[in-house]
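Okay, so here's the structure we're looking at.
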Amino acid sequence: MRMEAGELVEALLVQLRAQLNGTPVAIADAGDWRDGGVMVDPGRFSQALGVAVRHLVDQVGAESTLEIAVRRAFRDGQAGLEVDFRLNRPSEEPALLQTAAAGMAWAVAEKIVMLHGGELHESTIGPEGKSVTLFLPLDPS
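First residue of the sequence shown: 5, per the working numbering; consecutive thereafter.
So this is what it looks like as structure tokens:
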């Protein structure tokens, strides 16, 4: 099934808003999606997001924010979808909780990679935790 990028982003927002009660969610579209679509299995993507977000729901506090960047990417000549998760906790929280927040972002990405394959990278985003970038291969057909 072909799903346009705009539909994918909207589906992502619907999935997150349905499960992250009251936690602000920001979506950044870093690529130029206007003139083309991406190939993705919406059912599998939704399933992976559901697993990942349910993992977060029990652990993310009301003061947390979750930012997600969605963009096209290429790895080893293969087109794919790159999803970047950044989970932030208030800086006044103890360092142990900030580390736990970074671990939650990593767990979210691991769940999605487990269901889809792809690549997983992490980087430090200051005292708040880590940024996790996920690369999902797309169907080239």
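The beta-carbon is built from N, C-alpha and C at its ideal position, and this holds for glycine as well.
All values reported here derive from a predicted model rather than from experimental measurement.
Determine the contact status of R84 and F139, defining contact as a CB-CB distance below 7 angstroms.
According to the sequence as given, residue 84 is Gly; it is not Arg. In contact: G84 and F139 (Cβ atoms closer than 7 angstroms).
Taking the C-alpha atoms as reference points, what is the distance between L119 and R76?
19 angstroms
Given a threshold of 16 other Cβ atoms within 10 Å of its Cβ, counted over all protein chains shown, does G121 qualify as buried or as exposed?
exposed
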